[in-house]
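Quick note: the sequence shown uses this note's numbering, first residue 154, plus one each step.
Where is the CB? At the ideal position from N, CA and C, for every residue including glycine.
Being a predicted model, the structure only gives us computed values, none of them experimental.
Taking it in order: structure first as structure tokens, then the write-up.
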Amino acid sequence: MYSLPSVIQFYHPLYSVFDLFMKRNLVKFFSYVVKEKVEGLRALFGRRKLLYEDALLQGYELCIQTPKDLSDIVPKNSPLNMSPRDIIMKNFGETYELYTIRANPNKTVPGKIWYISPEEFEYLREWEMIDYGMSEDIVAKAMTEEGDLITVKTYGLVKEPRKITKVIDSSYIREEVPTKKNWPENGR
């Protein structure tokens, strides 16, 4: 008889074998700020039942950016006529901190692999303002607790990896966490 992998059973005892086969058609999204993401993604997608597992993103390090690190140029295809720096300054101020990652072959970043629909992934990209120039799409490898190496999608710094305020470890928690409730609607 087929049994679910222990990590999936632990997080999702209600998932069927069908759900596991369906995850092949889902986007494997890696989130690197675990303490904020579980409830945040549930709220963002409007559902409690999400399939995810713990993993380590290979070859990256976790960093903080502040508005001074962000580009002051409006990206060519941006939905807004504002630079990433102006968007954050207008809505959160000059001391606001944003999590990001950058390549470092000697590091790993703990997080979760989320198995989400392509539509949810696009909604998440919009929430994270990728097309507004906040981050860049990244395809990387993450290792699960069972030792499987999974190709994942995430976002971070690619073109300008030096534009950070500091490198942090995964226990770092910024003071002000944006939520759907406190995000200014006029900023978008």
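- Straight-line spacing of the CA atoms in serine 184 and threonine 253 works out to 10 Å.
- Under the three-state reduction of DSSP, glycine 264 is assigned to strand.
- Contact between the segment 261-274 and the segment 292-305 is established, with three or more Cβ pairs separated by less than 8 Å.
- For tyrosine 276, the enclosing alpha helix (DSSP H) covers residues 271-280.
- Aspartate 207: not part of any alpha helix (DSSP H); member of the beta strand (DSSP E) spanning 204-218, first to last residue.
- With a beta-carbon spacing of about 7 Å, phenylalanine 274 and lysine 306 fall inside the 8 Å limit used to define contacts.
- Counting along the chain, aspartate 290 sits inside the beta strand (DSSP E) bounded by residues 289-297.
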